[in-house]
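Report on the following structure.
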Amino acid sequence: MTCRHPQRWSAARVAVTLLWIGAAGGLFLATPDAVDAQCPALPGDAFAFLPLNPPTDHCPAVPAVHWADPHIVFECGFFADGTHGVDCGEDAAGCVELCRGAADLWNSDLPDRFTFVEADPSTPVAFCTSGSNSGGFDGRTSIGGSATLCDSSAFGSNILAITLRRTVASGPRTGELLDSDITVNTGFHFDPSLFRHVIGHELGHVLGLDHPDQCGHDFNVLMRSVVGASSNPCFVEGPTTDDVNGADLIYALVGPTPTVTPTPAAGCGDADGSGSVTVTDGVQTLRAAAGLSSACTLAVCDVDGSGAITVTDGVNVLRAAAGLPAILNCGG
Amino acid sequence: MQQVDFDAQCATADRIFVGTVHAVAARKNPRAPQYFETIVTFAVDEVVAGTVPPEIDLRLTGGTIGDEQQSIDGMPDFEVGERYVVMLEADQARPLVSPFVGFNQGVYRVLRDARGAYVGDRHGLPLPQLATSVAGAAAETYGRPAGHVDLAAFVAGIRAARAR
């Protein structure tokens with residue numbers, strides 16, 4: 291079986307029979323022969339891209355939707371805020387960690403292409419801000435549980451979670467994602483593996499991936515539109531090779547590759563003027579990017595020389611503070 | 591999303607009809623104006639189950655207004671003139687994200703060729719999982735593209751499933 295992360299397949303592959311979660315809470319028994327039929331080797335291209343103008347561009351051959359800045363701030367802490375918790379099979383703190391773990395899996399698979407950046411506590415993410423004209427849409431991804439979607443509509447009986455996204459539909463920025471928020475249906479009881487699968491699947495949508503099974507590629511990948519029980523031998527808990535291949539195609543096109551700047555401009559990134567680039571400077575840059583009070587000036591914190599202080603600048607400063615390759619090129 | 595097998599779709603649907611898309615219009619959600627919703631109006635050709643008026647408006651979360659699109663992955667999309675078999679969940683106090691059984695599973699595209707109307711999945715693609723379960727042998731209609739079934743056989747299969 292082709293699988294980039296075999297450890298993410300369920301250990302229950304030896305099961306003689308398996309149960310699928312089915313309609314109306316029923317369970318359907320599958321035979322061992324069906325197990326083999328349901329777990330074909332992955333072809334490498336079992337991925338799909340989100341369409342921009344459905345149904346006319348259903349299953350686009352090339353990426354149609356993407357983030358201009360492939361560093362997306364997310365917040366899993368809602369699962370422990372006392373309001374947006376879910377039954378994930380662990381306590382609230384455990385749910386938060388499972389959520390973070392799902393983002394970490396994507397991050398480990400997409401180095402230098404796309405990064406889910408955990409929100410800094412000093413710039414809290416609000417729950418559900420993907421609507422327009424609210425003054426609150428923030429380009430960041432809130433992840434939490436609710437009995438209703440962000441727009442107050444009800445889930446229906448078979449939806450585990452939904453990603454609601456906001457995209458530029460026309461003009462020179464067509465296809466650019468502006469915001470996305472993930473809501474997990476509190477009407478379900480998850481086990482930890484299924485919960486992490488669900489979060490990882492929705493984060494795949496945040497990236498720009500769609501359901502390959504609805505585009506003629508029905509394989510057991512993370513982005514399959516339907517999921518069985520985690521005890522199923524075909525269950526995958528995180529991105530498979532095919533999921534990652536799809537994401538690679540999106541962000542090979544738009545993801546700038548950070549490069550080491552051996553001699554950064556003097557003071558570039560040093561928001562507090564301490565003489566070195568530290569995590570504090572990264573936080574200050576992210577605060578400025580969010581429009582909050584900050585010690586930043588454009589000359590010091592616009593480290594990629596884009597003309598504005600953005601989350602990308604904050605990530606670059608944090609990377610530099612951690613000794614990782616980063617862009618520190620104030621002034622362009 | 592949880593998979594809903596065809597029998598369960600038929601059994602749990604509150605209303606089922608065959609209809610043609612008459613209008614598609616996006617607007618701001620009156621309950622939460624920062625969000626968009628799309629109203630799809632169907633002219634009902636045939637009522638298969640439940641009570642359905644001659645014309646029915648269905649509300650879906652998301653839509654495009656101006657240069658801004660709000661969307662949910664997998665949400666069915668419709669164009670005026672398209673024909674569908676539609677299975678609806680029961681109305682709730684709050685409007686549903688999607689009114690269709692299983693979010694997008696209870697939506698089947700009706701196509702037409704010289705032999706008449708036939709059914710595919712919601713994109714008009716084959717229905718492999720249904721070919722043997724819908725209306726039994728009647729589903730395997732000679733001369734149809736693989737995985738597609740005659741509309742009449744499909745509707746008969748729905749009625750048979752609801753009778754079980």
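Line by line, the protein sequences are chains A and B. What the first sequence shows, in my numbering, is residues 291 to 622, in sequence order. What the second sequence shows, in my numbering, is residues 591 to 754, in sequence order. In this text, a Cβ means the ideal position worked out from N, Cα and C, and glycines have one as well. Keep in mind it's a predicted model, so treat the numbers as computed, not measured.
> B/Q599 lies in the alpha helix (DSSP H); which residues open and close that run?
Replying inline: Reading the second sequence from its first residue, position 9 is the one you call residue 599 of chain B. Element bounds for B/Q599: F596 to T602.
>> Along the stretch 479-511 of chain A, where does the CB come closer than 8 Å to a CB of chain B? Name the residues.
In response: H495, D500, H501, Q504 and G506
> According to DSSP, which residues form a beta bridge with B/L701?
Replying inline: In the second sequence, counting from the first residue as 1, residue 701 of chain B sits at position 111. Beta-bridge pairing links B/L701 to B/Y708.
> Do you know offhand how far B/P685's Cα is from B/T651's?
Replying inline: Here residue 685 of chain B refers to the residue found at position 95 of the second sequence. Here residue 651 of chain B refers to the residue found at position 61 of the second sequence. Inter-residue distance for B/P685 and B/T651 is about 9 Å (C-alpha atoms, whole angstroms).
>> If distances are taken between C-alpha atoms only, which option among A/C620, A/V590 and A/V605 comes closest to A/F404?
In response: Your numbering for residue 404 of chain A matches position 114 in the first sequence. Selected option, being the one with the closest Cα: A/V605.
> Any idea if B/P643 is buried or exposed, counting beta-carbon neighbours within 10 angstroms, 16 or more meaning buried?
Replying inline: As a first step, residue 643 of chain B must be located in the second sequence, where it is residue number 53. B/P643 should be labelled exposed.
>> Strictly below 7 Å CB to CB, what residues from chain A border B/G737?
In response: Indexing the second sequence from 1 puts residue 737 of chain B at position 147. Ordered by position in chain A, no residue passes the 7 Å Cβ test against B/G737, which lies about 11 Å from the chain.
> For A/H361, which three-state DSSP category applies?
Replying inline: Your numbering for residue 361 of chain A matches position 71 in the first sequence. Strand.
> Hey, A/T413 and A/A610: beta-carbon distance below 8 Å or not?
Replying inline: The residue given as residue 413 of chain A occupies position 123 in the first sequence. The residue given as residue 610 of chain A occupies position 320 in the first sequence. In this structure, A/A610 does not lie closer than 8 Å to A/T413 by Cβ.
> Around the Cβ of A/H361, are there at least 16 other Cβ atoms within 10 angstroms (buried) or fewer (exposed)?
Replying inline: For the purposes of this step, residue 361 of chain A is taken as the residue at position 71 of the first sequence. The residue in question, A/H361, is buried, as its Cβ has 16 or more Cβ neighbours within 10 Å.
> How big is the Cα-Cα spacing for B/L741 and A/D508?
Replying inline: Against the second sequence, residue 741 of chain B aligns to sequence position 151. Against the first sequence, residue 508 of chain A aligns to sequence position 218. Straight-line measurement puts the Cα of A/D508 at about 25 Å from the Cα of B/L741.
> Taking Cβ-Cβ distances shorter than 7 Å, what residues in chain D pair up with A/P344?
Replying inline: Going by chain labels, chain D is absent from the structure shown, which instead holds the protein chains A and B.
> Which runs of the beta strand (DSSP E) fall wholly inside the stretch 432-493 of chain A and span at least 3 residues, in chain order?
Replying inline: 451-458 and 467-475
>> For A/G375 and A/G435, which I take to be in contact (beta-carbon distance under 8 Å), what is that distance rounded to the nearest angstrom?
In response: Start at 1 with the first residue of the first sequence, and residue 375 of chain A comes out as number 85. Start at 1 with the first residue of the first sequence, and residue 435 of chain A comes out as number 145. That pair is a contact at about 6 Å.
>> In the DSSP output, what is A/H374 paired with across the bridge?
In response: The residue labelled residue 374 of chain A in the question sits at position 84 within the first sequence. Answer by DSSP bridge pairing: none, since A/H374 is not bridged.
> What is the C-beta distance between A/A459 and B/Q659, in whole angstroms, given that I count them as a contact (C-beta under 8 Å)?
Replying inline: In the first sequence, counting from the first residue as 1, residue 459 of chain A sits at position 169. In the second sequence, counting from the first residue as 1, residue 659 of chain B sits at position 69. Sure, about 4 Å apart at Cβ, within 8 Å.
> Less than 8 Å separating the beta-carbons of A/V607 and A/V593?
Replying inline: Along the first sequence, read from residue 1 onward, the residue named residue 607 of chain A stands at position 317. Along the first sequence, read from residue 1 onward, the residue named residue 593 of chain A stands at position 303. Yes, Cβ-Cβ distance for A/V607 and A/V593 is below 8 Å.
> Which residue from B/V637, B/H738, B/M665 and B/F744 puts its Cα closest to that of B/F690?
Replying inline: Along the second sequence, one-based indexing puts residue 690 of chain B at 100. With distances taken between Cα atoms, B/F690 lies closest to B/M665.
> Which chain A residues are close to B/R621, counting only those with a beta carbon under 7 Å from its beta carbon?
Replying inline: Within the second sequence, the letter at position 31 stands for residue 621 of chain B. Here the neighbours are S442.
>> One question on the structure: do A/P502 and A/V511 come within less than 8 Å of each other, judged by their Cβ atoms?
In response: Working through the first sequence from its first residue, we reach residue 502 of chain A at position 212. Working through the first sequence from its first residue, we reach residue 511 of chain A at position 221. Taking 8 Å as the Cβ cut-off, A/P502 and A/V511 qualify as a contacting pair.
>> Only counting the same chain, and skipping five residues up and downstream in sequence, which positions put a Cβ closer than 7 Å to that of A/T570?
In response: Counting from 1 along the first sequence, the entry for residue 570 of chain A is found at position 280. So the list reads D562, once near-sequence residues are dropped.
>> Along the stretch 451-464 of chain A, where does the CB come closer than 9 Å to a CB of chain B? Name the residues.
In response: A451, I452, T453, L454, R455, R456, T457, V458, A459, S460, G461, R463 and T464
>> What does DSSP give as the partner residue(s) for B/D647 in the beta ladder?
In response: Position 57 of the second sequence, counted from the first residue, corresponds to residue 647 of chain B. DSSP lists B/T631 as partners of B/D647.
>> Taking the alpha carbon of A/D441 as the reference point, which residue from B/R712, B/L701, B/N694 and B/V687 has its own alpha carbon closest?
In response: Start at 1 with the first residue of the first sequence, and residue 441 of chain A comes out as number 151. Nearest of B/R712, B/L701, B/N694 and B/V687 to A/D441, Cα basis: B/V687.
>> Along the stretch 697-714 of chain B, where does the CB come closer than 8 Å to a CB of chain A? Name the residues.
In response: Within the stretch 697-714 of chain B, contact with chain A at the beta-carbon level (separation under 8 Å) is assigned to H713.
> Any chance the stretch 635-649 of chain B sits against the stretch 598-613 of chain B, with 3 or more Cβ pairs inside 8 Å?
Replying inline: yes
> The alpha helix (DSSP H) spanning B/F744 covers which residue range?
Replying inline: What you label residue 744 of chain B is simply residue 154 of the second sequence in a count that begins at 1. That run of the alpha helix (DSSP H) goes L741 to A753.
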